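Participant: Below you will find the structure I want to go over with you.
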Amino acid sequence: MDELLRPDRFMPLAVLGVLFIGILVAMWFGWKNRTDSDSDLPEPLPVSNLDLPSEDEMTEAVEEHPAPSASDRWEADGIYVSTTKARQPLERVTVHNMGARSEVTVRLGSDRIQLVRSGATSFEIPMQSVLQITTARGMAGKVVGRNGLSVIRWRLGERELDTGIRFHTRDDHNEFLTRSTTIHQENS
Numbered sequence: 001m002d003e004l005l006r007p008d009r010f011m012p013l014a015v016l017g018v019l020f021i022g023i024l025v026a027m028w029f030g031w032k033n034r035t036d037s038d039s040d041l042p043e044p045l046p047v048s049n050l051d052l053p054s055e056d057e058m059t060e061a062v063e064e065h066p067a068p069s070a071s072d073r074w075e076a077d078g079i080y081v082s083t084t085k086a087r088q089p090l091e092r093v094t095v096h097n098m099g100a101r102s103e104v105t106v107r108l109g110s111d112r113i114q115l116v117r118s119g120a121t122s123f124e125i126p127m128q129s130v131l132q133i134t135t136a137r138g139m140a141g142k143v144v145g146r147n148g149l150s151v152i153r154w155r156l157g158e159r160e161l162d163t164g165i166r167f168h169t170r171d172d173h174n175e176f177l178t179r180s181t182t183i184h185q186e187n188s
């Protein structure tokens, strides 16, 4: 036992332990500072509540927001890579859990894009907030082959953001780009 506590054996382990804890603390402060710098960003719209509304609420909601036809709806699974500041693919937005990578189901309707995330906050992007639908090679949290990420450039409050999605299949990626670009042009 005394052999393990000798200073020449214990000191390197203690130094490594302190260094490791110091790195973790620095990472936490960096994430907190990034979150504080984005604290003025409004919360994105939540995905429609899954609780069943009352009959009156349902009638009112249908009158205000009629459901898109089945041909207007599209859905696919993928990876939500992150949301970054527009044109700054390494500047991750950390408020409202928007910087966390997660599994996602993307639902595309005639007036919105819904991002239903597993283990993270889901939200939707109204089509009138969408500025551009494009592709990218990578962004904070993921680098893929040429044009492998679908990127939605959109406005939240006064800020422009880029949200990156990596679909599980190339067909879903292409279908999303085609459909969302068409819907975006119709809403512009």
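Residue numbers (this note's numbering): 1 to 188. Where is the CB? At the ideal position from N, CA and C, for every residue including glycine. Every value quoted in this text rests on a predicted model; they were computed, and no experiment measured them.
Give me the Cβ distance between E160 and L131, rounded to the nearest whole Å; I'm assuming they're in contact under 8 Å.
Facilitator: In the sequence shown, the residue the question calls residue 160 occupies position 160. In the sequence shown, the residue the question calls residue 131 occupies position 131. Contact holds; Cβ gap of about 7 Å.
Participant: Specify, as a first and last residue, the run of the alpha helix (DSSP H) that E175 falls within.
Facilitator: Here residue 175 corresponds to residue number 175 of the sequence shown, with the count starting at 1. Here the alpha helix (DSSP H) through E175 covers R170 to N187.
Participant: Based on Cα-Cα distance, which residue from G22, A120 and M11 lies nearest to T83?
Facilitator: The residue labelled residue 83 in the question sits at position 83 within the sequence shown. The shortest Cα separation from T83 among G22, A120 and M11 belongs to A120.
Participant: Could one say the Cβ of P42 lies closer than 8 Å to chain B's Cβ atoms, at least one of them?
Facilitator: The structure shown has no chain B; it contains just one protein chain.
Participant: Which of helix, strand or coil does DSSP assign to R87?
Facilitator: As a first step, residue 87 must be located in the sequence shown, where it is residue number 87. Correct three-state label for R87: coil.
Participant: Give a yes or no on whether the C-beta atoms belonging to A136 and V116 are separated by under 8 Å.
Facilitator: Here residue 136 refers to the residue found at position 136 of the sequence shown. Here residue 116 refers to the residue found at position 116 of the sequence shown. In this structure, V116 does not lie closer than 8 Å to A136 by Cβ.
Participant: Return the bridge partner residues of A136 from the DSSP annotation.
Facilitator: The sequence position of residue 136 within the sequence shown is 136, counting from 1. Answer is L149.
Participant: Between the segment 90 to 109 and the segment 136 to 150, can you find at least three pairs of beta-carbon atoms closer than 8 Å?
Facilitator: Touching, per the Cβ criterion.
Participant: If you check the beta carbons only, do R166 and G78 fall under 8 Å apart?
Facilitator: As a first step, residue 166 is located in the sequence shown; it is residue number 166 there, counting from the start. As a first step, residue 78 is located in the sequence shown; it is residue number 78 there, counting from the start. A contact, by the Cβ cut-off of 8 Å.
Participant: Reducing DSSP to helix, strand and coil, say where D51 ends up.
Facilitator: The sequence position of residue 51 within the sequence shown is 51, counting from 1. Because the pLDDT at D51 is just 40, under 50, the model does not fix this residue reliably, and the point stays unresolved.
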